[in-house]
Amino acid sequence: MMSLERIFLIISGALNVLLIILSIALWPDRLLPKVGLFYNMPKSSKNGTSNLSNSNNFAGVNRSVFLGDNQLESFRPIRDWSQPLPDIGAQAAGVYLLDSKKMLFSQNLDLALPIASLTKIMTATIALEQLPKEQIITVDQSMLTIVKQSKFVVGESMTIESLIYIMLITSNNDAANILAQTVDNQHAPGYFVALMNEKAQSLGLKNTMFIDVSGLNPGNVATIRDLIGLTEGTIKEQPLIWQIMGLTIADVWSADKKISYHLENTNQLLGVLPQVVSGKTGYTEEAQGCLLTVSQTLNKNFKMINIVLGSQDRFEAMRQLINNVEKAYLW
């Protein structure tokens, strides 16, 4: 026969189970995790690629995910599958979350394409590594592509920093050539471009090649993945570049203060699309429209790198890319 103590323990345990069941029935919102997400997993796109490159999702499978509020915070941003993420009107595109280092959207992530004046991000990087910002350069005729069409005056003197401002904000090709020739004159012809390619290798940019310093040569190519690596590296090593490219307007002077330059940024989304805080434009007939931006979500909690290459309308493509991604995630 069972002892009275054993019988008491059995009855006590049963009562505890009954109390738990009744409590859940009466107060479910207090005792159970709140529903964080309920979604249908996405189907593959027509080209066989998924819009969420870092997911392990299977096409056509329905799943329910239940997360509490505290758990949700650690997973943000969370994909909201009720919001589509269609391909962008560009040959390649990508959105990369700087905070957690993951892709939020990718389209032809590893396709090497001409990058036009996005090249100048690397040009500025090498110039800042090789030349003191305060160094003064006298403009020589050989430094200018077409003297009569140049913004610069032969014989005028400019600081390295002013040349970098002009190159990045207005995408000026002569400024890029002046910077490169200044370094080449101290070493050998082609030395500057060689440094650009060495820097690409050191940053782990496996499918990037530079032929010139301005981006006019269609042989200047990179992938979305590599441009993300370039952006991450230069944000860390040369933040001045991104500060300059975040200016909508600026004014610089020649070293003797006799010649002034009023600069207006070629990035039409600065000051218009509130998420965009910096970036670089590019265009040639071969490359078509290229645009790289650094943006932050409207709540300013997350920063992203956004890129479009080979677009007929780079600004509209970028606008759609940023807005679509922001809608497609819970921040």
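Sequential numbering of the sequence shown, starting at 66, is according to the working numbering.
Where a beta carbon is used, it is the ideal one built from N, C-alpha and C, also for glycine.
Fair warning: this is a prediction, and the values are worked out from it, not measured in the lab.
Item                                                                                                                                                                                           : Value
In chain order, what residues of the same chain lie with their CB nearer than 7 Å to the CB of Gly-154, ignoring the 5 residues before and after it?                                           : Ser-376, Gln-377, Asp-378 and Ala-382
Check whether the stretch 214–232 touches the stretch 153–170, taking contact to mean three or more Cβ pairs, one atom from each stretch, closer than 8 Å.                                     : no
Do Leu-277 and Gly-284 have their CB atoms nearer than 9 Å?                                                                                                                                    : The sequence given here places Asp at residue 277; Leu does not occur at that position. In this structure, Gly-284 lies closer than 9 Å to Asp-277 by Cβ.
Expressed to the nearest angstrom, what Euclidean distance is found between the alpha-carbon atoms of Thr-273 and Gln-206?                                                                     : 31 Å
Rounded to a whole number of angstroms, what is the C-alpha to C-alpha distance between Thr-247 and Ile-202?                                                                                   : 8 Å
For the beta strand (DSSP E) holding Gln-361, just list the boundary residues, first then last.                                                                                                : 353–361
Where do the ends of the beta strand (DSSP E) carrying Leu-169 lie?                                                                                                                            : 167–172
Tell me which same chain residues have a C-beta within less than 8 Å of the C-beta of Ser-236, skipping the five on either side of it?                                                         : Ser-182, Lys-185, Thr-331, Lys-345, Thr-346 and Gly-347
Please go through the same chain and pick out, in chain order, the residues whose beta-carbon is closer than 6 Å to the beta-carbon of Leu-169, but skip the five residues on each side of it. : Val-160, Leu-162 and Val-390
Just how far apart, CA to CA, sit Ile-475 and Val-373?                                                                                                                                         : Nothing about residue 475 can be read from this structure; the chain reaches only from 66 to 396.
In the DSSP output, which residue or residues are listed as bridge partners for Val-341?                                                                                                       : Ser-360
Along the alpha helix (DSSP H) that carries Trp-318, what are the first and last residues, could you check?                                                                                    : Where Trp-318 is concerned, there is no enclosing alpha helix (DSSP H), although the beta strand (DSSP E) it sits in stretches over 314–318.
Where does Ser-325 fall in DSSP's three states?                                                                                                                                                : strand
Going by C-alpha distance, which of Met-187, Leu-356 and Arg-384 is nearest Met-261?                                                                                                           : Met-187
With Val-248 as the anchor, note down where its alpha helix (DSSP H) starts and where it stops.                                                                                                : 238–251
Distance, Cα to Cα, Ser-325 vs Gln-195?                                                                                                                                                        : 25 Å
According to DSSP, is Lys-185 part of a helix, a strand, or is it coil?                                                                                                                        : helix
Using a Cβ-Cβ cut-off of 6 Å (strictly less than) and excluding sequence neighbours within five positions of Lys-392, which residues of its own chain qualify?                                 : Gln-148
State the DSSP-derived secondary structure class of Asn-389, mapped to helix, strand or coil.                                                                                                  : helix
Using CA coordinates, which residue listed in Lys-271, Ile-306, Gln-353 and Pro-142 is at the minimum distance from Asn-282?                                                                   : Gln-353
Note down the Cα distance separating Ala-240 from Leu-209, rounded to an integer number of angstroms.                                                                                          : 8 Å
Taking the C-alpha atoms as reference points, what is the distance between Asp-94 and Thr-288?                                                                                                 : Note that Asp-94 has pLDDT 46, beneath the 50 cutoff, so the model's placement of it is unreliable and the number below is only indicative. Each residue's Cα considered, the two are about 48 Å apart.
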